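S.K.:
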Amino acid sequence: MREALPAPLAEAFGWIEGFTNFERRTADNLRPFRLDRMRFLAGEFGDPQESFSIIHVAGSKGKGSTCAFAGSILREAGYRTGVYASPHVQSYRERFMLDGEYLTGEILLDTINRIRGAFRPDWFGDGSNPTTFELLTLTALLAFREAGCQWAVLETGLGGRLDATNIVNPEISVITSIELEHTRLLGNSIAEVAAEKGGIIKQGIPVLLGDLNPEAFPVLTEIADKRHSPLFRLTELRVSPGENETVEFQLPGGPCIHARPGIPGRHQGMNAALAARAVQLTAGKVGNIPAEVYTGAIESTRLPGRFETVRSGDRIWIYDGAHTPRSAEATAALFRTRHPEGGVLLFAIAEDKDVEGVVAALPDGLSRIVVTRPGTFRASRPDRVHELVSRNFPGTELIPDTEEAVRRVQELASPHEPILVMGSFYLIGAVKEVQDF
Numbered sequence: 001m002r003e004a005l006p007a008p009l010a011e012a013f014g015w016i017e018g019f020t021n022f023e024r025r026t027a028d029n030l031r032p033f034r035l036d037r038m039r040f041l042a043g044e045f046g047d048p049q050e051s052f053s054i055i056h057v058a059g060s061k062g063k064g065s066t067c068a069f070a071g072s073i074l075r076e077a078g079y080r081t082g083v084y085a086s087p088h089v090q091s092y093r094e095r096f097m098l099d100g101e102y103l104t105g106e107i108l109l110d111t112i113n114r115i116r117g118a119f120r121p122d123w124f125g126d127g128s129n130p131t132t133f134e135l136l137t138l139t140a141l142l143a144f145r146e147a148g149c150q151w152a153v154l155e156t157g158l159g160g161r162l163d164a165t166n167i168v169n170p171e172i173s174v175i176t177s178i179e180l181e182h183t184r185l186l187g188n189s190i191a192e193v194a195a196e197k198g199g200i201i202k203q204g205i206p207v208l209l210g211d212l213n214p215e216a217f218p219v220l221t222e223i224a225d226k227r228h229s230p231l232f233r234l235t236e237l238r239v240s241p242g243e244n245e246t247v248e249f250q251l252p253g254g255p256c257i258h259a260r261p262g263i264p265g266r267h268q269g270m271n272a273a274l275a276a277r278a279v280q281l282t283a284g285k286v287g288n289i290p291a292e293v294y295t296g297a298i299e300s301t302r303l304p305g306r307f308e309t310v311r312s313g314d315r316i317w318i319y320d321g322a323h324t325p326r327s328a329e330a331t332a333a334l335f336r337t338r339h340p341e342g343g344v345l346l347f348a349i350a351e352d353k354d355v356e357g358v359v360a361a362l363p364d365g366l367s368r369i370v371v372t373r374p375g376t377f378r379a380s381r382p383d384r385v386h387e388l389v390s391r392n393f394p395g396t397e398l399i400p401d402t403e404e405a406v407r408r409v410q411e412l413a414s415p416h417e418p419i420l421v422m423g424s425f426y427l428i429g430a431v432k433e434v435q436d437f
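At position 70 of the sequence shown the residue is numbered 70 (full-length UniProt numbering), and the sequence of numbers has no breaks.
1. Can you find the residues in the same chain that come closer than 8 Å, C-beta to C-beta, to residue 147, ignoring five residues on each side of it along the sequence?
2. Helix, strand or coil for residue 346, going by three-state DSSP, please let me know.
3. What ranges does the beta strand (DSSP E) occupy inside the segment 331-416, keeping only unbroken runs of at least 3 residues that lie completely in it?
4. Between the C-alpha atoms of residue 264 and residue 320, what's the straight-line distance to the nearest angstrom?
5. What are the residues that DSSP puts in a beta bridge with residue 155?
6. How big is the Cα-Cα spacing for residue 334 and residue 365?
7. Starting from residue 89, follow the alpha helix (DSSP H) in both directions and report where the run begins and ends.
8. Quick one, are the C-beta atoms of residue 358 and residue 325 less than 8 Å apart?
9. Does DSSP put residue 302 in a helix, a strand or coil?
10. Hey, could you find the ends of the alpha helix (DSSP H) residue 118 is sitting in?
11. Quick check: what's the CA-CA separation for residue 305 versus residue 88?
12. Name the DSSP beta bridge partners of residue 122, please?
13. Give the secondary structure of residue 164 by DSSP, where H, G and I count as helix, E and B as strand, and everything else as coil.
14. If you follow the alpha helix (DSSP H) that residue 447 is part of, which residue opens it and which one closes it?
15. Starting from the C-beta of residue 398, find all residues in its chain whose C-beta is less than 7 Å away, skip the five residues before and the five after it, and write them out in chain order.
16. Classify residue 427 as helix, strand or coil using the three-state DSSP reduction.
17. According to the neighbour-count rule (16 or more other Cβ atoms, all chains shown, within 10 Å of its Cβ), is residue 155 buried or exposed?
18. Count the other CB atoms, across all protein chains shown, that sit within 10 Å of the CB of residue 215; report buried if there are 16 or more and exposed otherwise.
19. Alpha carbon to alpha carbon, how far is residue 115 from residue 139? Give it in angstroms, no decimals.
20. Leaving out the 5 sequence neighbours to the left and right, which residues in its chain are closer than 6 Å to residue 180 when beta-carbon positions are compared?
21. On the criterion of 16 or more Cβ atoms from any shown chain inside 10 Å, does residue 29 qualify as buried, or is it exposed?
22. Could you spell out the range, first to last residue, of the alpha helix (DSSP H) harbouring residue 42?
23. Determine which residues share a DSSP beta bridge with residue 290 and list them.
24. Ends of the alpha helix (DSSP H) at residue 277?
25. Is residue 268 buried or exposed, if buried means 16 or more other CB atoms sit within 10 Å of its CB?
26. Using a Cβ-Cβ cut-off of 6 Å (strictly less than) and excluding sequence neighbours within five positions of residue 199, which residues of its own chain qualify?
27. Would you kindly work out how many angstroms separate the C-alpha atoms of residue 332 and residue 419, rounded to a whole number?
28. Measuring alpha carbon to alpha carbon, tell me which residue in 432, 407 and 130 is nearest residue 36.
29. I need the DSSP call for residue 16, collapsed to helix, strand or coil.
30. DSSP three-state call for residue 221: helix, strand or coil?
31. Please tell me whether residue 257 and residue 295 are closer than 8 Å, where the distance is taken between their beta carbons.
32. For residue 62 and residue 68, what's the separation of their Cα atoms in angstroms?
33. Opposite residue 259 in the DSSP bridges: which residues?
34. Using the DSSP secondary-structure output, state which residues sit across from residue 101 in a beta bridge.
35. Buried or exposed, going by whether 16 or more other CB atoms sit within 10 Å of the CB of residue 42?
36. Using the beta-carbon count (16 or more within 10 Å), is residue 271 buried or exposed?
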């Protein structure tokens, strides 16, 4: 079971969560998202984001892994490094990492209490209040300054252009991928989503693009050209996946890296290469990092909810938050490779995702499937998901209550049959909440 937060820290996060939380309640449009509030908040506390160098990462998938790899590389290279990522699986503390460990509860509590002590209902003068994500972002920036970070790797929460993290002036901006997601907010086409995520591209600041949908590239190229931002692509690295989930890539003007990423999956090699190139491109601020540092960092990186495998007696549980078609395809391929005998699937997905695309990519060879809700955090339509899944997998069961669904998949799975929990990080958190290991 998860370690309970100390009561004062849980209460402090509860205060933050008491504000408008768009992770729980999806907005109807982008009007509630404003950078002026975040700029004001940062200014009230001396603009902490100016105290350290920053790598800023956006994308539809792979951004959390890319942030984790980049943070590991910087840490292994000897820099005090913070990583701010979302969402969390079980605890808000997961969003705040310092040198590969959770930020201490003492630093987090002191930081939140400092913000809380300064809070005024009329802070912005227009009757509005900060959002939960804005306050979490401010907490990260302040805590990283307090901890003496030299570098911070920041993951956007939603989109990019109006994301709270977009007040920063990074050393490099990274866009990992573009897929249809949050269509109500970001648009119904790849080009529209790309335009929103391309909003993190800053005037004159290099931008690195990952493995992109071809429709996204012209949009991002145009933004980079208008902002005179040097543009780099992952394709320059000649990334070569190897056997046993290894990867090899050549950093331009730098070492050749051969590693087996600590986060499972062949696709993680691409994320590791993207992170390594991002660090290399940071305007000479990190110097020449030797191959063994890159390799050691990539191989030691861990991240919850990315084909995370847990054994409980004879039972194998696999947790994967894949919630886009391409990430679901990667998870399905890895599951087939590691478990060709099949297994049981517990599946849920939020309603603002490409539900049909993800359902179409689910692994085949499964003995049974149970559809449930993605916890209580995200809006979902499990009845619609069940209908879609049942078209390809007759006999799929619908059990909206997560605790009941967990019991059911354990009943359905044979003693040595793996259970794959997939489709939402919020689902993973809800499942782990009811498990006793």
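Note that the Cβ used here is the ideal one computed from N, Cα and C, for glycine as well.
These numbers come from a predicted model, not from an experiment.
M.R.: Concretely, from the data shown:
1. Position 147 of the sequence shown, counting from 1, holds the residue named residue 147. For residue 147, where only same-chain residues beyond five positions count, the Cβ hits under 8 Å are 80, 82, 98, 103 and 107.
2. On the sequence shown, position 346 is the one that residue 346 refers to. In this structure, residue 346 counts as strand in the three-state DSSP scheme.
3. 344-347 and 368-371
4. As a working note, residue 264 is residue 264 in the sequence shown. As a working note, residue 320 is residue 320 in the sequence shown. Straight-line Cα distance between these residues: approximately 10 Å.
5. As a position in the sequence shown, residue 155 is number 155, starting the count at 1. Residue 155 pairs with 57.
6. Within the sequence shown, residue 334 is the residue found at index 334, counting from 1. Within the sequence shown, residue 365 is the residue found at index 365, counting from 1. Distance between the alpha carbons of residue 334 and residue 365: 13 Å.
7. Position 89 of the sequence shown, counted from the first residue, corresponds to residue 89. Element bounds for residue 89: n/a, residue is neither H nor E.
8. Residue numbering aside, residue 358 sits at position 358 when the sequence shown is read from its first letter. Residue numbering aside, residue 325 sits at position 325 when the sequence shown is read from its first letter. Yes; because the gap between Cβ atoms is below 8 Å, this pair is in contact.
9. The residue labelled residue 302 in the question sits at position 302 within the sequence shown. Note: residue 302 maps to coil in three-state DSSP.
10. Looking up residue 118 in the sequence shown gives position 118. Segment 105-118, the alpha helix (DSSP H) holding residue 118.
11. Numbered from its first residue, the sequence shown carries residue 305 at position 305. Numbered from its first residue, the sequence shown carries residue 88 at position 88. Going from the Cα of residue 305 to the Cα of residue 88 covers about 9 Å.
12. On the sequence shown, residue 122 is found 122 positions in, with the first residue counted as 1. Its beta-bridge partners do not exist; DSSP assigns none.
13. Residue 164 sits at position 164 when you count from the first residue of the sequence shown. Residue 164 falls in the helix class under three-state DSSP.
14. Absent from the structure is residue 447, since the part of the chain shown begins at 1 and ends at 437.
15. Here residue 398 refers to the residue found at position 398 of the sequence shown. Same-chain partners within the cutoff: 371, 382, 383 and 386.
16. Start at 1 with the first residue of the sequence shown, and residue 427 comes out as number 427. Helix at residue 427.
17. On the sequence shown, residue 155 is found 155 positions in, with the first residue counted as 1. That one is buried.
18. Within the sequence shown, the letter at position 215 stands for residue 215. Per the 10 Å Cβ criterion, exposed.
19. Position 139 of the sequence shown, counted from the start, is the residue given in the question as residue 139. Position 115 of the sequence shown, counted from the start, is the residue given in the question as residue 115. Roughly 8 Å between the two C-alpha positions.
20. As a first step, residue 180 is located in the sequence shown; it is residue number 180 there, counting from the start. Excluding positions up to five away in sequence, the list reads 354.
21. The residue given as residue 29 occupies position 29 in the sequence shown. Low per-residue confidence applies at residue 29: pLDDT is 46, beneath 50, and the placement is therefore not dependable, though the value from the model is reported in the following sentence. That one is exposed.
22. The residue labelled residue 42 in the question sits at position 42 within the sequence shown. Start and end: 35-44.
23. Taking the sequence shown and counting its residues from 1, one reaches residue 290 at position 290. According to DSSP, which records beta bridges pairwise, residue 290 is partnered with nothing at all.
24. Taking the first residue of the sequence shown as position 1, residue 277 is located at position 277. 268-280 is the extent of the alpha helix (DSSP H) around residue 277.
25. Numbered from its first residue, the sequence shown carries residue 268 at position 268. Buried is the call here.
26. For the purposes of this step, residue 199 is taken as residue 199 along the sequence shown, with counting starting at 1. Excluding sequence neighbours, residue 199 sits near 160 and 161.
27. Numbered from its first residue, the sequence shown carries residue 332 at position 332. Numbered from its first residue, the sequence shown carries residue 419 at position 419. Roughly 13 Å separates the two Cα atoms.
28. As a position in the sequence shown, residue 36 is number 36, starting the count at 1. Ranking the options by Cα distance to residue 36, first place goes to 130.
29. To locate residue 16, count along the sequence shown from 1; it is residue 16. Helix, per DSSP.
30. Translated into positions along the sequence shown, residue 221 becomes position 221. The answer is helix: DSSP assigns residue 221 an H, G or I state.
31. Position 257 of the sequence shown, counted from the first residue, corresponds to residue 257. Position 295 of the sequence shown, counted from the first residue, corresponds to residue 295. Against a cut-off of 8 Å, the Cβ pair of residue 295 and residue 257 comes out as a contact.
32. In the sequence shown, residue 62 corresponds to position 62, counting from 1. In the sequence shown, residue 68 corresponds to position 68, counting from 1. Approximately 10 Å between the Cα atoms of the pair.
33. Within the sequence shown, numbered from 1, the residue matching residue 259 stands at position 259. Paired residues: 247.
34. In the sequence shown, residue 101 corresponds to position 101, counting from 1. Looking at the DSSP assignment, residue 101 forms a beta bridge with 98.
35. In the sequence shown, the residue the question calls residue 42 occupies position 42. Classification for residue 42: buried.
36. For the purposes of this step, residue 271 is taken as residue 271 along the sequence shown, with counting starting at 1. Buried, because 16 or more other Cβ atoms sit within 10 Å of the Cβ of residue 271.
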